[in-house]
Amino acid sequence: MLEAENLNTGVKRMTKRKKTLILTALAVSALSVCPLATEASTPASSGGGQSEALEEYSLDEIVVTATRTEKRDVDVPMSTDVITREEIERGGAQNAAQVIQKVNGVSFASFGPLGTSMGTMINKATIRGIDNGTLVMVNGNPISGRGLYNLQEIPADSIEKVEIVKGGGSVLYGSEAMAGVINIITKKGPDNNWTVGFGNYGQQKYHVNVGAKEGEQSITAFYDVNKWNHQNDMTESDTRTTAGVLLGTYSYNVRDIKNESIGLTWQANRRLNVTFGHYETEATYDKFIKSLTAAGAALGNHPKVGDQFHYRDITTTRDTVQVNYRDKAWEGSLYYNTSTIKSDGFSWLNEAMGRSNLPYNTREKHISYGFDGQHEWKMGDKTSLIFGLAGKHEIFHALPTVTTSGERVRNSVRNQWGIFGQWEQKIDGKNSFILGARETWTSGTTKNMNYNDFSASGQFIHKMDKDNNLYLNISQSFIMPQFGQMFPSSATGYANPDLKPQKGINYEIGWKNISGGHTWKAALFHQDIKDNISASVQRRGRPDLGWRYTNQDFRNTGFEFSCDIAGKNGFSYNYGLTLQNPEVKSTGKRYWDRKFGKIQLVGGMNYQRDKMKAALTFSYLADRVQTPSDEHSFRTKPYLLTTLTLGYAPDTWSEINLTVNNLLNRRDNTMHSSSAWYTPGINYLLSYTQKF
Numbered sequence: 013m014l015e016a017e018n019l020n021t022g023v024k025r026m027t028k029r030k031k032t033l034i035l036t037a038l039a040v041s042a043l044s045v046c047p048l049a050t051e052a053s054t055p056a057s058s059g060g061g062q063s064e065a066l067e068e069y070s071l072d073e074i075v076v077t078a079t080r081t082e083k084r085d086v087d088v089p090m091s092t093d094v095i096t097r098e099e100i101e102r103g104g105a106q107n108a109a110q111v112i113q114k115v116n117g118v119s120f121a122s123f124g125p126l127g128t129s130m131g132t133m134i135n136k137a138t139i140r141g142i143d144n145g146t147l148v149m150v151n152g153n154p155i156s157g158r159g160l161y162n163l164q165e166i167p168a169d170s171i172e173k174v175e176i177v178k179g180g181g182s183v184l185y186g187s188e189a190m191a192g193v194i195n196i197i198t199k200k201g202p203d204n205n206w207t208v209g210f211g212n213y214g215q216q217k218y219h220v221n222v223g224a225k226e227g228e229q230s231i232t233a234f235y236d237v238n239k240w241n242h243q244n245d246m247t248e249s250d251t252r253t254t255a256g257v258l259l260g261t262y263s264y265n266v267r268d269i270k271n272e273s274i275g276l277t278w279q280a281n282r283r284l285n286v287t288f289g290h291y292e293t294e295a296t297y298d299k300f301i302k303s304l305t306a307a308g309a310a311l312g313n314h315p316k317v318g319d320q321f322h323y324r325d326i327t328t329t330r331d332t333v334q335v336n337y338r339d340k341a342w343e344g345s346l347y348y349n350t351s352t353i354k355s356d357g358f359s360w361l362n363e364a365m366g367r368s369n370l371p372y373n374t375r376e377k378h379i380s381y382g383f384d385g386q387h388e389w390k391m392g393d394k395t396s397l398i399f400g401l402a403g404k405h406e407i408f409h410a411l412p413t414v415t416t417s418g419e420r421v422r423n424s425v426r427n428q429w430g431i432f433g434q435w436e437q438k439i440d441g442k443n444s445f446i447l448g449a450r451e452t453w454t455s456g457t458t459k460n461m462n463y464n465d466f467s468a469s470g471q472f473i474h475k476m477d478k479d480n481n482l483y484l485n486i487s488q489s490f491i492m493p494q495f496g497q498m499f500p501s502s503a504t505g506y507a508n509p510d511l512k513p514q515k516g517i518n519y520e521i522g523w524k525n526i527s528g529g530h531t532w533k534a535a536l537f538h539q540d541i542k543d544n545i546s547a548s549v550q551r552r553g554r555p556d557l558g559w560r561y562t563n564q565d566f567r568n569t570g571f572e573f574s575c576d577i578a579g580k581n582g583f584s585y586n587y588g589l590t591l592q593n594p595e596v597k598s599t600g601k602r603y604w605d606r607k608f609g610k611i612q613l614v615g616g617m618n619y620q621r622d623k624m625k626a627a628l629t630f631s632y633l634a635d636r637v638q639t640p641s642d643e644h645s646f647r648t649k650p651y652l653l654t655t656l657t658l659g660y661a662p663d664t665w666s667e668i669n670l671t672v673n674n675l676l677n678r679r680d681n682t683m684h685s686s687s688a689w690y691t692p693g694i695n696y697l698l699s700y701t702q703k704f
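Numbering (the numbering used here), first residue to last: 13 to 704.
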């Protein structure tokens with residue numbers, strides 16, 4: 013925990029300018045955990061390294077995602093975070109998952125290195141304790157298929173910036189934005205360079221980016237490959253008989269991890285661009301017996317410690333195509349996404365350690381294509397109105413395999429439609445509000461399982477001065493059940509025809525302020541979700557262990573504070589604190605149970621001047637629990653994720669970077685369900701970049 017230093021100085025600075033009771037409370041609560049006392053300095057009009065460093069560390073970013081219009085971050089009446097291209101480069105992230113991993117109020121759980129997922133058991137971006145309500149977009153277009161996305165597939169070298177909106181965004185963006193929105197905005201202009209890197213665990217990195225520009229037109233292409241040879245003993249879980257008798261424990265190793273991607277962007281003019289992306293991820297998981305009880309060792313087949321249950325070769329292939337148009341009044345996009353998830357392998361033992369000796373094979377394909385368009389009317393200096401339409405066609409193919417029974421091969425389809433509007437009104441020079449509404453419905457769904465939802469939102473902002481604002485945000489959100497939840501395709505999945513849409517509401521009061529070289533943000537929030545869709549274990553009356561998606565309730569009340577600082581002599585800092593209390597109540601438990609973690613601290617220190625740059629970042633999640641679907645939550649130790657990046661540029665055309673993760677060589681579990689999946693030990697990547 014951070015000790016409080018310079019409390020009196022910080023409080024004096026804040027209370028001198030803030031007169032309301034709520035701002036005083038926010039400031040005192042936040043500064044009581046902050047030891048930073050660096051004096052802020054305003055950007056100099058000249059002066060070499062100092063002005064260059066401050067210029068790169070911008071404290072007044074433009075945000076588009078939150079309101080679908082360009083606004084200064086300080087003027088957005090929602091909790092937002094912007095990660096710039098410069099911050100991404102300093103932080104040493106290899107992919108989009110690592111970019112968001114240390115954002116205040118956000119966590120990213122990973123099954124293996126490079127964000128490797130286990131097929132449909134995806135890695136999840138969790139915002140404010142909600143692990144199934146993050147809408148992931150690229151350039152404002154959704155990329156997930158039936159709720160599945162792979163952030164680790166998007167190379168950090170291709171990202172211009174990332175905008176994160178917390179607290180729900182369904183009114184503007186539709187289903188899935190229950191917890192918030194992550195919008196990854198890719199580079200559009202030419203950026204010619206190549207990178208090669210090597211590290212421990214057999215790490216390899218190869219990246220090349222080429223482009224050309226003529227007038228308003230430009231074309232950019234990239235190719236990116238990341239490899240990781242192995243990580244052993246990633247998890248440990250019990251194995252039991254169907255009667256619940258403990259037989260022993262098993263563990264997973266992962267090997268031969270590879271992420272490969274290709275991207276192409278054509279900027280026709282300043283209003284129109286076309287992008288294409290192809291992504292492939294592959295890895296092999298090996299499952300072994302780690303320990304045996306007396307009951308396990310006495311089984312008739314005489315299993316031994318070290319025997320292999322099975323192996324799984326998992327491959328994910330995804331393609332995206334986008335056409336984006338934007339001018340002063342019109343904005344529109346067309347998109348096409350397709351992804352295929354395939355698992356191949358062989359099983360020698362089953363979970364009860366009986367002999368199996370069977371091949372294993374699953375395949376599924378997701379296709380979605382659609383459009384999103386809006387028009388903005390500006391009626392004088394005080395009023396603006398947005399009206400938009402959105403449509404999406406979704407297809408889920410459960411493909412035939414060598415082990416799939418005929419009744420589980422199916423196609424599921426549906427259409428999602430949306431009409432939305434937003435009215436922004438300035439009341440006077442200091443006060444304004446935004447009202448929004450959206451009607452969403454499905455049609456043509458397999459088995460006629462159609463849903464509809466109406467959601468509304470309202471924001472009020474009070475400007476105490478140009479760079480000092482208070483806001484109130486009340487937003488409804490929803491999630492339509494996904495195909496995999498309505499019609500499970502695995503042998504252990506059971507359909508639930510009574511599944512309901514997930515609906516929730518977010519209440520938030522916040523404050524944003526730019527003062528000198530500091531940007532302060534604070535928010536008090538409360539979230540209520542009804543019919544939260546979650547997988548639960550089905551044990552009673554069944555001969556085998558299965559899963560069924562059911563509705564449960566979720567709630568969370570918390571406080572969030574962060575500060576970005578542009579310091580002296582090329583230094584910059586950031587820190588953040590989230591205090592919260594996520595809880596769930598499932599149909600089976602019938603009581604409120606803890607979830608996730610209550611305390612999150614994030615922070616970083618950056619240096620950039622002349623030929624040198626460095627960054628040290630961390631994310632610490634404490635007072636944590638793991639929450640099984642059918643048992644009471646249990647405590648688990650805090651995790652601490654750390655990254656150190658050092659860079660040296662001998663000249664303007666080349667750069668050497670060293671990135672070190674897990675500096676303390678911790679064995680941390682980043683999951684929040686009943687299973688534990690552990691981070692690799694201290695690992696490094698040394699890379700060289702050449703510009704041309």
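Built from N, CA and C at the ideal position, the CB exists for glycine as well.
Since the structure is predicted, the reported quantities are computational estimates derived from the model, not experimental observations.
- Around the Cβ of residue 318, a 10 Å sphere holds fewer than 16 other Cβ atoms; the residue is exposed.
- Excluding five sequence positions before and after residue 342, the CB atoms of its chain that fall closer than 7 Å to its own CB belong to 387, given in chain order.
- For residue 517, the closest C-alpha among the options 539, 207, 194 and 523 is that of 539.
- With 16 or more other CB atoms across the displayed protein chains lying within 10 angstroms of its CB, residue 240 is buried.
- By the C-beta criterion, the segment 427-445 is judged to be in contact with the segment 174-187, since at least 3 inter-stretch pairs fall below 8 Å.
- With respect to the 7 Å criterion, residue 282 and residue 172 are not classified as neighbours on the basis of their beta carbons.
- Under a 10 Å Cβ-count criterion, residue 391 is classified as exposed, with fewer than 16 other Cβ atoms of the shown protein chains found around its own Cβ.
- If you look at residue 211, you'll find it in the beta strand (DSSP E) that goes 205-211.
- The beta carbon of residue 245 is closer than 6 Å to those of 263 in its chain, skipping five residues each way along the sequence.
- From the listed residues 77, 99, 118 and 76, the smallest Cα separation to residue 631 is found for 118.
- Following the DSSP letters along the chain, one finds residue 100 inside the alpha helix (DSSP H) bounded by residues 97-103.
- Scanning its chain for C-beta atoms nearer than 8 Å, with the 5 sequence neighbours on each side dropped, one finds around residue 385 the residues 342, 343, 344, 345, 400, 401 and 402, in chain order.
- According to DSSP, residue 148 shares a beta bridge with 194.
- Annotation for residue 662: 623 and 668 place their beta carbon closer than 8 Å to its own, counting only its chain and skipping 5 residues before and after.
- Counting along the chain, the unbroken alpha helix (DSSP H) around residue 495 starts and ends at 495-498.
- Bounds of any beta strand (DSSP E) do not take in residue 156, whose DSSP letter is neither H nor E.
- With 16 or more other CB atoms across the displayed protein chains lying within 10 angstroms of its CB, residue 537 is buried.
- Collapsing the DSSP output to three states places residue 161 in coil.
- DSSP lists 351 and 408 as the bridge partner or partners of residue 378.
- In the three-state scheme derived from DSSP, where H, G and I count as helix and E and B as strand, residue 280 is classed as coil.
- The three-state secondary structure of residue 317, taken from DSSP, is coil.
- One Cα belongs to residue 533, the other to residue 573, and the distance between them is close to 6 Å.
- Collapsing the DSSP output to three states places residue 587 in a strand.
- When secondary structure is reduced to three states using DSSP, residue 666 falls in the strand class.
- Rounded to whole angstroms, residue 405 and residue 381 show a C-alpha spacing of 6 Å.
- Leaving aside the five residues that flank residue 468 on each side, the residues in its chain whose CB is nearer than 7 Å to its CB run, in chain order, 183, 448, 449 and 488.
- Contact between the segment 212-220 and the segment 228-243 is present: three or more C-beta pairs spanning the two stretches fall below 8 Å.
- With a 10 Å radius around the Cβ and a threshold of 16 neighbouring Cβ atoms, residue 136 comes out buried.
- In the DSSP assignment, residue 311 falls outside any alpha helix (DSSP H) and carries neither an H nor an E.
- Under a 10 Å Cβ-count criterion, residue 590 is classified as buried, with 16 or more other Cβ atoms of the shown protein chains found around its own Cβ.
- DSSP, reduced to helix, strand and coil, places residue 458 within a helical segment of the structure shown.
- Shortest Cα-Cα distance from residue 360 to any of 347, 334, 615 and 324 involves 324.
- Burial state of residue 645 is buried, judged by a 10 Å Cβ sphere holding 16 or more other Cβ atoms.
- Its chain contains 471, 473, 483 and 485 as the residues whose beta carbon lies nearer than 6 Å to that of residue 89, once the 5 sequence neighbours on both sides are disregarded; these appear in chain order.
- In the three-state reduction of the DSSP assignment, residue 640 falls in the coil class.
- With contacts defined as CB atoms closer than 7 Å, residue 426 and residue 452 fail to qualify as a contacting pair.
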